[in-house]
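So the protein lines, in turn, are chains A and B. 3 is the number of the first residue of the first sequence in our numbering; add one for each residue after it. 2 is the number of the first residue of the second sequence in our numbering; add one for each residue after it. The beta carbon of each residue, even a glycine, is placed where N, CA and C say it ideally should be.
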Amino acid sequence: MSLKKFVLGALGAAVLAAPFTAPAPAFAEDTLYLPKLVYRTGPFAPGGVPTANGAVDYWAMINERDGGVNGAKVIVEECEFGYNTDRGVECYERTKNKNNGALIYQPYSTGVTYALADRTRTDKIPLMTMGYGRADAGIGTAFPWVFPLMTNYWGQATGIVKYIGDQIGGLDNLKDKTIALVYLDIAYGKESIPIMETLSEKFGFTLKQYPVVFPGIEQKATWLQIRRAKPDYIVMWGWGAMNATAIKEAAKIRFPAENFIGNWWSGAEQDTVPAGDAAVGYKSATFSAAGKEFPVIKDIMTHVYGKGNGSGEENVGQVLYNRAVLTQVFIHAGILTAQEKYGVKAITSEQLRWGLENMKMDAAMAEKLGVAGMGPSISPTCEDHIGGGEFQIQQWDGKKWNIVSDKITPMNELVLPAMKESAENYLKEKGLEPASCS
Amino acid sequence: MLDFLFFVEVLLSGLLTGALYSLVALGFVLIFKASGVFNFAQGAMMLFAALSLVGVQEMLGVHWTIAFIITVGIMIALAWCVEKFVLGKLVNQEPIILFMATIGVTFFLDGFGQTIWGSDIKILDIGLPNGAFDVGGVFIDQLELVAGLTAGALVIILAIFFNKTKIGRALRAVADDHQAAMSVGISLRYIWIVVWTVAGLVGLVAGIMWGSKLGVQFSLSLIALKALPVLMLGGFTSIPGAIVGGLIIGAGEKLAEIYVGDLVGGAIENWFAYMLAMVFLLFRPQGLFGEKIIERV
Numbered sequence: 003m004s005l006k007k008f009v010l011g012a013l014g015a016a017v018l019a020a021p022f023t024a025p026a027p028a029f030a031e032d033t034l035y036l037p038k039l040v041y042r043t044g045p046f047a048p049g050g051v052p053t054a055n056g057a058v059d060y061w062a063m064i065n066e067r068d069g070g071v072n073g074a075k076v077i078v079e080e081c082e083f084g085y086n087t088d089r090g091v092e093c094y095e096r097t098k099n100k101n102n103g104a105l106i107y108q109p110y111s112t113g114v115t116y117a118l119a120d121r122t123r124t125d126k127i128p129l130m131t132m133g134y135g136r137a138d139a140g141i142g143t144a145f146p147w148v149f150p151l152m153t154n155y156w157g158q159a160t161g162i163v164k165y166i167g168d169q170i171g172g173l174d175n176l177k178d179k180t181i182a183l184v185y186l187d188i189a190y191g192k193e194s195i196p197i198m199e200t201l202s203e204k205f206g207f208t209l210k211q212y213p214v215v216f217p218g219i220e221q222k223a224t225w226l227q228i229r230r231a232k233p234d235y236i237v238m239w240g241w242g243a244m245n246a247t248a249i250k251e252a253a254k255i256r257f258p259a260e261n262f263i264g265n266w267w268s269g270a271e272q273d274t275v276p277a278g279d280a281a282v283g284y285k286s287a288t289f290s291a292a293g294k295e296f297p298v299i300k301d302i303m304t305h306v307y308g309k310g311n312g313s314g315e316e317n318v319g320q321v322l323y324n325r326a327v328l329t330q331v332f333i334h335a336g337i338l339t340a341q342e343k344y345g346v347k348a349i350t351s352e353q354l355r356w357g358l359e360n361m362k363m364d365a366a367m368a369e370k371l372g373v374a375g376m377g378p379s380i381s382p383t384c385e386d387h388i389g390g391g392e393f394q395i396q397q398w399d400g401k402k403w404n405i406v407s408d409k410i411t412p413m414n415e416l417v418l419p420a421m422k423e424s425a426e427n428y429l430k431e432k433g434l435e436p437a438s439c440s
Numbered sequence: 002m003l004d005f006l007f008f009v010e011v012l013l014s015g016l017l018t019g020a021l022y023s024l025v026a027l028g029f030v031l032i033f034k035a036s037g038v039f040n041f042a043q044g045a046m047m048l049f050a051a052l053s054l055v056g057v058q059e060m061l062g063v064h065w066t067i068a069f070i071i072t073v074g075i076m077i078a079l080a081w082c083v084e085k086f087v088l089g090k091l092v093n094q095e096p097i098i099l100f101m102a103t104i105g106v107t108f109f110l111d112g113f114g115q116t117i118w119g120s121d122i123k124i125l126d127i128g129l130p131n132g133a134f135d136v137g138g139v140f141i142d143q144l145e146l147v148a149g150l151t152a153g154a155l156v157i158i159l160a161i162f163f164n165k166t167k168i169g170r171a172l173r174a175v176a177d178d179h180q181a182a183m184s185v186g187i188s189l190r191y192i193w194i195v196v197w198t199v200a201g202l203v204g205l206v207a208g209i210m211w212g213s214k215l216g217v218q219f220s221l222s223l224i225a226l227k228a229l230p231v232l233m234l235g236g237f238t239s240i241p242g243a244i245v246g247g248l249i250i251g252a253g254e255k256l257a258e259i260y261v262g263d264l265v266g267g268a269i270e271n272w273f274a275y276m277l278a279m280v281f282l283l284f285r286p287q288g289l290f291g292e293k294i295i296e297r298v
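Below is the structure:
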C-alpha cells in the first residue's frame, strides 16, 4: 500500500469512526447543554470572535471554579455559521436535541433571530437576543420564547436621540437639526428606521437615511452624499467591517467625531483600533462596561487563562467580550432561578424560560455573580421580556472607551406602543394566539 | 454650479474607486489570458497576500519592505503549491473542472489565512497618504489617487511583460492551446507557476491598496465580487479592458447610487454594476476589449 493510500485510508477511517469514538456524555451526571452559534470566520468575524470567546470562557470559568451551576456541569458546544442565516438555522437544527436538549440559543445575528423566532416557539427553546434581534420581541405574550432583555433597538434609538438633545440644550432644539442615519442594509440595520422616522416627526428634526451595501466595505457614495447634506449628527447602525470604514470615511470628510454616534454594535475596539486616529472622539451607545476590574473577569483570568486554557486573552476586558460575558451571566441568573423553583439541577428549556421571566438582576444578584457595575439591572416578567434597563454613551480616546453620559432610559412612551402594535401585527400575520401569562 | 461640482466629485471618486476594482480584475485577467482558467480564488489570493504581509510584519517586527519581500516568497510558494497539488493534476480537463478547482482553492485560502493570521481587522500602514484633497470644493481621496496611478503603472508593466518578453509570449501560447504549447517545448508546469505568481503579486499590490483603505480583513476577499462586472465589461482577456472596465463600473455605480439610488431606496451600487455590465454584454458579448472566440468546425 502506498503512503498516499495509507494516509487517505486512515483519514477516512478516522472521519467515519469519529461519531462512535467521541466521549459519550455521562448520563448519570447532571448537565446543562448550551450550544453556541458562533462566527469566528467571515466578514463579521472581528466582532464574532470576542463574543464567542466571552461566552465560552465564562462557562469554562464556572465549570472550573464552581463545578458547574449548583453542581450541574455546563456543556458548551460551538457551531460555526459565518453569519450566514441558512447555516445558523442548520446549526440550530443540528444541536437542538443533543445532550438531552439545548437550553437556550444566542446567535448574535438579527437575521438568524428572525429565522429562529418561529422554530424556537415550536421547539420550546428560549432565544436570547440581548441587545439585538426583533425590536418587538420584548412583548412576551407575542414572543414567549424570545428574550431581548434590557431595552432593544427602538429603545436604543430613542436614547441616542435623547442624548443628542442633551448635547444641544434640550429636545426642543432638535427642530432645525439634521440627523443622518447610516445603516447596514440588512434586517439588523433596517430595525432602526421606523423609530427614527417616528422621532423625526415628533421632534421635528430632518432625518436623512443612508443605507450601506452589505458588508459595508465600499461606502464612498454614502459619504459623498453626507458631505453634501452636512448633517449636524450622524447615528450609525453598523456591524463588522462597516464600522471602521465609516469612521475613517467620516474623518476624511472632516465630520466632527464627537457628533458621530454609533449604536452598541458599532462601538467596540474592533471598530476603533483599525480606524486609528480617525476614531478619536467617536462615540457609541453601550449597555456593558469594558475593563478587567470586574470580579467575573478577574475570575476568568484566574480560573481559565491562569490555568493555560481560554480562547483569546487579547479580547478579555474588551467591549464585546465583556458583553458576551454579561449575556451569559443573565442566562446563569435564569438557570439559578429555575433550579430553585423546580428543585432540579438539570433544568429543561421550558424551565429556563420560567427562570428568565422571573429572575431579578438587581444589585444583590449582580454582586453575587461578579458583575456589579458592569451592566443594567433588569427584572423581566412573562409579559415583559425586556424588564427595564438602561444604557450609556461611551467615547473613544485613542486607547480606550470612556463613559461620557449618565444612564439613559429609552422613551418608553414611544417605544412600548410601537412594540405592541408590531407584535399584534406579527400574531395576526402568523395566525397565532397570544401566550397566556396567567 | 454647486450641483455641477458635486457631479464632478462623484465622477472622480467613482473613477478612482474603479481603478481600485481594476487592480483586482487584473489578477483575474492575467490567469485567464495565460491559462484559460477563470481563477475564482483571485479575491482570496489578495486577502491571503495582504494577511501574510501584515502577519509577517507583526510576527517578525520588520520594516514593511522586508515583509513585502517575504510575502513575495510566500506567493511564489503558493503558486507552486497550486500547480503541484491542484492544476497540475487537471491538465487538459474541461475549463469548468479547472474553475471548480479554483473555488476549492478560494475556500482553502480563506480558511487557512484566517487560521494562521487570525480574523481581526489588521492595520496596514506602509505610509500611503490617507487623507483627502479639497480642490476648489471637489473632494479627492489621496489613497484612491495613488491606487489609480498604481493601476496605470501595473498595466504598462504587464503589457510589456506579455508582449515583449519570451515568457509573456509563452504564456499566451499556453492560453491558446495547452497541448500545442507543450509540443513545441513549453513547460506547462513552469508557465502555470509563473502566471499564478504574477497574479499573486498583482493580488499583493491590490491587497496593499485595499488593506490600507479598509484594514486587512476577511471582507477584502469579497472585493472580488466587484471585479466580476469589471471583467464582464472589459473582457476576460484584456489588460487595458480591466482598467477601462473598472473606470466605467466605478463611475457608473457611484453616479447611479447618488442620482438614482434615492428614487428606489438606495444601496443599489452592487447590483447596478452587474446590470451595467450585462447591458454592455448585449452588444459586445466578449466585453469591450475581449477577443472574439471563433470556433471553426
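| Identified DSSP bridge partners for Asn404/A | By one-based count along the first sequence, residue 404/A stands at place 402. For Asn404/A, which the question treats as bridged, DSSP gives the partners Gln397/A.
| field | Simplified DSSP state of Cys81/A, which is helix, strand or coil | value | Within the first sequence, numbered from 1, the residue matching residue 81/A stands at position 79. Strand, per DSSP.
| task | Check whether the Cβ of Gln227/A lies closer than 8 Å to any Cβ atom in chain B. | result | To locate residue 227/A, count along the first sequence from 1; it is residue 225. Yes, contact with chain B.
| request: Using only alpha-carbon positions, find the residue among Leu232/B, Ser188/B, Val55/B that is nearest to Val206/B. | output: Position 205 of the second sequence holds residue 206/B. The candidate whose alpha carbon is nearest that of Val206/B is Val55/B.
| When the Cα of Thr116/B is compared with those of Gly161/A, Ala47/A, Thr383/A, which residue comes out closest? | Working through the second sequence from its first residue, we reach residue 116/B at position 115. Of the listed residues, the one whose Cα sits closest to Thr116/B is Ala47/A.
| query | Does DSSP put Ser286/A in a helix, in a strand, or in coil? | reply | For this step, residue 286/A is matched to residue 284 along the first sequence. Residue state, collapsed to three classes: strand.
| request: Label Phe49/B either buried or exposed according to how many other C-beta atoms from any shown protein chain fall within 10 Å of its C-beta, with 16 as the threshold for buried. | output: Within the second sequence, residue 49/B is the residue found at index 48, counting from 1. In the assembly as shown, Phe49/B is a buried residue. Its beta-carbon has 16 or more other beta-carbons within 10 Å.
| query | With C-beta atoms as the reference, is Trp61/A less than 8 Å away from Gln330/A? | reply | Walking along the first sequence from the start, residue 61/A turns up at place 59. Walking along the first sequence from the start, residue 330/A turns up at place 328. For Trp61/A and Gln330/A, yes; Cβs fall inside 8 Å.
| Which partner residues does Phe140/B have in the DSSP bridge list? | In the second sequence, the residue the question calls residue 140/B occupies position 139. Partner(s): Asp135/B.
| request: Please decide whether Ile141/A counts as near chain B, where near means a Cβ-Cβ distance under 8 Å. | output: What you label residue 141/A is simply residue 139 of the first sequence in a count that begins at 1. At a cut-off of 8 Å, the C-beta of Ile141/A has no neighbouring C-beta in chain B.
| query | Under a Cβ-count criterion, where at least 16 other Cβ atoms within 10 Å of its own Cβ denotes burial, should Met279/B be classed as buried or exposed? | reply | Against the second sequence, residue 279/B aligns to sequence position 278. Counting of Cβ neighbours within 10 angstroms places Met279/B among the exposed residues, the total staying below 16.
| request: State yes or no: is the beta carbon of Glu59/B nearer than 8 Å to at least one beta carbon in chain A? | output: The residue given as residue 59/B occupies position 58 in the second sequence. For Glu59/B, the answer is no, since every Cβ of chain A falls outside 8 Å of its Cβ.
| said: Below 8 Å on C-beta distance, what does Thr18/B contact in chain A? | reply: In the second sequence, the residue the question calls residue 18/B occupies position 17. Going along chain A in sequence order, the residues near Thr18/B (Cβ under 8 Å) are Glu220, Lys222.
| field | Span separating the alpha-carbon of Phe8/B from that of Gly50/A | value | Translated into the one-based positions of the second sequence, residue 8/B becomes position 7. Translated into the one-based positions of the first sequence, residue 50/A becomes position 48. Going by the C-alpha atoms only, they are around 39 Å apart.
| field | Span of the beta strand (DSSP E) around Gly321/A | value | Taking the first residue of the first sequence as 1, we reach residue 321/A at position 319. With the sequence shown as reference, residue 321/A is identified as Val, and Gly is not the correct amino acid for it. Careful: Val321/A lies outside any beta strand (DSSP E), inside the alpha helix (DSSP H) at 321-344.
| request: Measure the beta-carbon distance from Pro45/A to Gly171/A and round it to whole angstroms, keeping in mind my assumption that it falls under 8 Å. | output: The sequence position of residue 45/A within the first sequence is 43, counting from 1. The sequence position of residue 171/A within the first sequence is 169, counting from 1. That pair is no contact at about 40 Å.
| Beta carbon proximity, Ala268/B to chain A, threshold 8 Å | For the purposes of this step, residue 268/B is taken as residue 267 along the second sequence, with counting starting at 1. Output row for Ala268/B: interface = yes.
| Between Leu289/B and chain A, is there a C-beta pair that is closer than 8 Å? | For the purposes of this step, residue 289/B is identified with residue 288 of the second sequence, where counting begins at 1. No, Leu289/B does not count as interfacial toward chain A.
| task | Return the residue from the list Cys93/A, Tyr110/A, Thr112/A that minimises the CA-CA distance to Ala104/A. | result | For the purposes of this step, residue 104/A is taken as residue 102 along the first sequence, with counting starting at 1. The option with the nearest alpha carbon to Ala104/A is Cys93/A.
| message | If you follow the alpha helix (DSSP H) that Pro241/B is in, where does it begin and where does it stop? | response | Within the second sequence, numbered from 1, the residue matching residue 241/B stands at position 240. In this chain, the alpha helix (DSSP H) harbouring Pro241/B covers 240-260.
| task | Please report how far the alpha carbon of Phe281/B lies from the alpha carbon of Lys192/A, in whole angstroms. | result | On the second sequence, residue 281/B is found 280 positions in, with the first residue counted as 1. On the first sequence, residue 192/A is found 190 positions in, with the first residue counted as 1. Here the alpha carbon of Phe281/B sits roughly 33 Å from the alpha carbon of Lys192/A.
| query | Does DSSP classify Ala155/A as helix, strand or coil? | reply | Within the first sequence, numbered from 1, the residue matching residue 155/A stands at position 153. With the sequence shown as reference, residue 155/A is identified as Tyr, and Ala is not the correct amino acid for it. Under the three-state reduction of DSSP, Tyr155/A is assigned to helix.
| task | Indicate whether at least one CB of chain A lies closer than 8 Å to the CB of Gln43/B. | result | As a working note, residue 43/B is residue 42 in the second sequence. Chain A contact via Cβ: absent.
| request: At 3 residues or longer, and completely inside the region 251-297 of chain A: list those beta strand (DSSP E) runs for me, N to C. | output: Correct list: 262-264, 285-288.
| said: For chain A, check one thing: does any of its Cβ atoms lie closer than 8 Å to the Cβ of Leu282/B? | reply: As a first step, residue 282/B must be located in the second sequence, where it is residue number 281. For Leu282/B, the answer is no, since every Cβ of chain A falls outside 8 Å of its Cβ.
| query | Are the C-beta of Ile249/A and some C-beta of chain B separated by less than 8 Å? | reply | Locating residue 249/A in the first sequence gives position 247, counting from the first residue. The beta carbon of Ile249/A does not come within 8 Å of any beta carbon belonging to chain B, so the residue lies off that interface.
| task | Determine the closest residue to Gln43/B out of Trp272/B, Gln287/B, Val199/B, with distance taken between C-alpha atoms. | result | For this step, residue 43/B is matched to residue 42 along the second sequence. The candidate whose alpha carbon is nearest that of Gln43/B is Val199/B.
| query | With a cut-off of 8 Å, do at least 3 Cβ pairs link the region 64-81 of chain B to the region 259-277 of chain B? | reply | In short, these stretches do not touch, since the Cβ pair count stays below three.
| message | What does DSSP give as the partner residue(s) for Tyr107/A in the beta ladder? | response | Indexing the first sequence from 1 puts residue 107/A at position 105. Answer is Leu129/A.
| query | chain A beta carbons: is any one of them nearer than 8 Å to that of Asn271/B? | reply | As a position in the second sequence, residue 271/B is number 270, starting the count at 1. It does; some Cβ of chain A falls within 8 Å.
| said: At 3 residues or longer, what runs of the beta strand (DSSP E) sit wholly inside the region 112-199 of chain B? | reply: If we require 3 residues or more, the beta strand (DSSP E) runs fully inside the region 112-199 of chain B come out as 133-136, 139-142.
| Considering only C-alpha positions, which residue in the set Thr53/A, Asp68/A, Tyr35/A is nearest to Thr304/A? | Position 302 of the first sequence, counted from the first residue, corresponds to residue 304/A. Between Thr304/A and the set Thr53/A, Asp68/A, Tyr35/A, the nearest pair of CA atoms involves Asp68/A.
| request: Mind checking which residues open and close the beta strand (DSSP E) that includes Pro37/A? | output: In the first sequence, the residue the question calls residue 37/A occupies position 35. Segment 33-40, the beta strand (DSSP E) holding Pro37/A.
| task | Could you list which residues in chain A have their beta carbon closer than 9 Å to that of Phe39/B, in chain order? | result | Within the second sequence, residue 39/B is the residue found at index 38, counting from 1. The premise fails here: Phe39/B is roughly 23 Å from chain A at the closest Cβ pair, so nothing lies under 9 Å.
| Taking the continuous alpha helix (DSSP H) assigned at Gln58/B, which residues delimit it? | The residue given as residue 58/B occupies position 57 in the second sequence. Its alpha helix (DSSP H) spans residues 43-61.
| query | Val215/A by DSSP, collapsed to three states: which one? | reply | Counted from its first residue, the first sequence places residue 215/A at position 213. Reduced to three states, the DSSP call for Val215/A is coil.
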